[in-house]
Amino acid sequence: MDPLEEALRNLARESGRALGELGVRPADGKWIREHAETVASLAGKRTANGFWRLFRRSLKSRT
Amino acid sequence: MNRSPRVLVLAVQSPFSEGGAERHVRRLTEELLRRGVEADLVTIPLIERRRFDLIRSALAWRSLDLLEIGGEKVDAVIATRFPSYAARHGNKIVWLIHQYRQAYDQFGTPYGDFTSSLEDRRTREAIGQIDRVGLSEARRVFANSANVAARLRKFNGIESEPLYHPPPLVGRYRGGPPGDYALSVGRLDAWKRVDLPIAALAHAPRARLVVVGRGPEEERLKRLAREVGVAERVRFAPRVDEEELIGLYAGARLVVVTPADEDLGYVPLEAFLSGKAVVTTDDAGGPLEFVRDGETGFVVPPRAEALGAALRLAWEKPEALAALGEHGRRRVEGLSWDAAVSALLSAAGL
Numbered sequence: 001m002d003p004l005e006e007a008l009r010n011l012a013r014e015s016g017r018a019l020g021e022l023g024v025r026p027a028d029g030k031w032i033r034e035h036a037e038t039v040a041s042l043a044g045k046r047t048a049n050g051f052w053r054l055f056r057r058s059l060k061s062r063t
Numbered sequence: 064m065n066r067s068p069r070v071l072v073l074a075v076q077s078p079f080s081e082g083g084a085e086r087h088v089r090r091l092t093e094e095l096l097r098r099g100v101e102a103d104l105v106t107i108p109l110i111e112r113r114r115f116d117l118i119r120s121a122l123a124w125r126s127l128d129l130l131e132i133g134g135e136k137v138d139a140v141i142a143t144r145f146p147s148y149a150a151r152h153g154n155k156i157v158w159l160i161h162q163y164r165q166a167y168d169q170f171g172t173p174y175g176d177f178t179s180s181l182e183d184r185r186t187r188e189a190i191g192q193i194d195r196v197g198l199s200e201a202r203r204v205f206a207n208s209a210n211v212a213a214r215l216r217k218f219n220g221i222e223s224e225p226l227y228h229p230p231p232l233v234g235r236y237r238g239g240p241p242g243d244y245a246l247s248v249g250r251l252d253a254w255k256r257v258d259l260p261i262a263a264l265a266h267a268p269r270a271r272l273v274v275v276g277r278g279p280e281e282e283r284l285k286r287l288a289r290e291v292g293v294a295e296r297v298r299f300a301p302r303v304d305e306e307e308l309i310g311l312y313a314g315a316r317l318v319v320v321t322p323a324d325e326d327l328g329y330v331p332l333e334a335f336l337s338g339k340a341v342v343t344t345d346d347a348g349g350p351l352e353f354v355r356d357g358e359t360g361f362v363v364p365p366r367a368e369a370l371g372a373a374l375r376l377a378w379e380k381p382e383a384l385a386a387l388g389e390h391g392r393r394r395v396e397g398l399s400w401d402a403a404v405s406a407l408l409s410a411a412g413l
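Residue numbers (this note's numbering), protein chains in the order written: chain D, 1 to 63; chain W, 64 to 413.
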């Protein structure tokens, strides 16, 4: 895997866990998408689907 | 420890704005440095454009690794405002200036804009969670005033200890003979209710008012002064430097403080250190920890007529004001940075 891609996937996981700790839940779809898009934009990606799934899983594992 | 302790003060930045909180954290950092602590200020802006920005601001703090900087350990962090206390550190002290009040005591009032929408409800819940997580991790929680401590107990069930500090220009305030104006100092926000002393002038025909500060309410307040026919007795001073402010306090007849549930408020402290009596309202919050009716000033209901009656008295019987101001000065002259810094460092085991 591309090192940047891997770093961003880690960031999505870590920030997902932190946001879960700070009260964000898997049902907060709008917030999750927005955050996933921010992470995806660091990789110059147009879609955030991969990050969205990762991120949502991280929230689930926290809650 | 062979080296100076290293402490970071964590502060929330409000870009393009400077208020009591900004001055407080800068001064705290300076006072730590003055006592040999290697201190620095870390700031992150609080973005409030959309609800999720509030949570992302907390995430920004949560994501910081502040255990070590430049290869050396950071011995403690002192967090101050929401959401800086979301930062993680094993030796975190909180000196709470205030929480995100719109989610708590200002909810459902004209001063808060959260609605009952799902997103607003979820945001308030998340803010509650951020506070629980960030504050419960702290080794010790201090509050800026008993009022802030009471809110924290009421809304979050978290105990904290009030820790007071002197106002920004301590050591420079001076007394002076009573002038012909009441003084109002503070940002012109709706919740500061500067409309009250302006409207009160209609009930105190001899009184004059100087309003120091600027903010979104400025034009409305000027219009109000014209509408109630007191414009020629109100002087607006949007920008004054420190010397001018000290001079305005020294020359005031008394000082009016009319916020709705202020956290602490420097203005009564500055007034007392200038030997001036204070008139405030019975819902002012923090100021009531220092202003006692008939002892250091007047406490009246938040109505223009009641404030006007106090101003009338100040103009008709000015001889009592000096004694009230002197009692006030004695009440606050013991506030010192030594005590505040010592309490913070001791809580951090430094």
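C-beta atoms are modelled at their ideal positions from N, C-alpha and C, and glycine is treated no differently.
Cβ pair residue i, residue j closer than 8 Å
| i | j | result |
| --- | --- | --- |
| A347(W) | V320(W) | yes |
| A263(W) | A367(W) | yes |
| R90(W) | P225(W) | no |
| V204(W) | L259(W) | no |
| R114(W) | D183(W) | yes |
| P108(W) | P78(W) | yes |
| I110(W) | S120(W) | yes |
| V248(W) | A265(W) | no |
| P322(W) | V354(W) | no |
| L421(W) | A270(W) | Nothing can be reported for residue 421(W), as the shown portion of chain W is limited to 64 through 413. |
| L22(D) | L95(W) | no |
| H152(W) | L129(W) | yes |
| D168(W) | D324(W) | yes |
Proximal residues to residue i (C-beta, below 7 Å), its chain only, five neighbours per side dropped
| i | result |
| --- | --- |
| Y236(W) | I309, Y312, E333, L336, S337 |
| S147(W) | L73, A74, V75, W124 |
| D356(W) | V362 |
| P364(W) | T344, D345 |
| V303(W) | V275, L311 |
| G242(W) | G314, A315, R316 |
| E389(W) | G338 |
Beta-carbon contacts of residue i that lie in its chain and below 6 Å, excluding the five residues immediately before and after
| i | result |
| --- | --- |
| A36(D) | A48, F51, W52, F55 |
| A12(D) | V39, F51, L54, F55 |
| F299(W) | V274 |
| I221(W) | L198, L215 |
| L387(W) | A340, T359, G360 |
| V105(W) | L71, L73 |
Close Cβ partners of residue i (< 8 Å) along its chain, the five nearest in sequence each way excluded
| i | result |
| --- | --- |
| L251(W) | V257, V274, G276, R277, G278, P279, E280, E281, L284 |
| N154(W) | D138, A139, V140, R202, A411, G412 |
Residue i - DSSP class collapsed to helix/strand/coil
| i | result |
| --- | --- |
| R203(W) | strand |
| K255(W) | helix |
| P3(D) | helix |
| D345(W) | coil |
| D28(D) | coil |
| F145(W) | coil |
| L159(W) | strand |
| P240(W) | coil |
| A213(W) | helix |
| K136(W) | strand |
| R283(W) | helix |
| R69(W) | strand |
| E325(W) | strand |
| E396(W) | coil |
| E81(W) | coil |
| T63(D) | Unreliable placement is indicated for T63(D), whose pLDDT of 47 sits below 50; the coordinate value is still reported in the next sentence. Three-state DSSP puts T63(D) in coil, outside helix and strand. |
Paired residues, beta bridge with residue i - DSSP
| i | result |
| --- | --- |
| T356(W) | With the sequence shown as reference, residue 356(W) is identified as Asp, and Thr is not the correct amino acid for it. Its beta-bridge partners are G360(W). |
| T106(W) | A74(W) |
| D416(W) | The shown model of chain W, from 64 to 413, leaves out residue 416(W), and the question about it has no answer. |
| F115(W) | None; F115(W) has no bridge partner. |
| D128(W) | R151(W) |
| S247(W) | V274(W) |
| L317(W) | A245(W) |
| F299(W) | V274(W) |
| P225(W) | A206(W) |
| E101(W) | R69(W) |
Just by C-beta distance, which residues in the stretch 165-195 of chain W are closer than 8 Å to chain D?
-> E182, R185, E188, A189, I190, G191, Q192, I193
Residues from the stretch 19-49 of chain D in contact with chain W, defined by Cβ distance under 9 Å = L19, E21, L22, G23, V24, R25, A27, D28, K30, W31, E34, H35, T38
In chain order, what residues of the stretch 127-155 of chain W put their CB closer than 7 Å to some CB of chain D?
-> Per Cβ criterion, the list reads A149.
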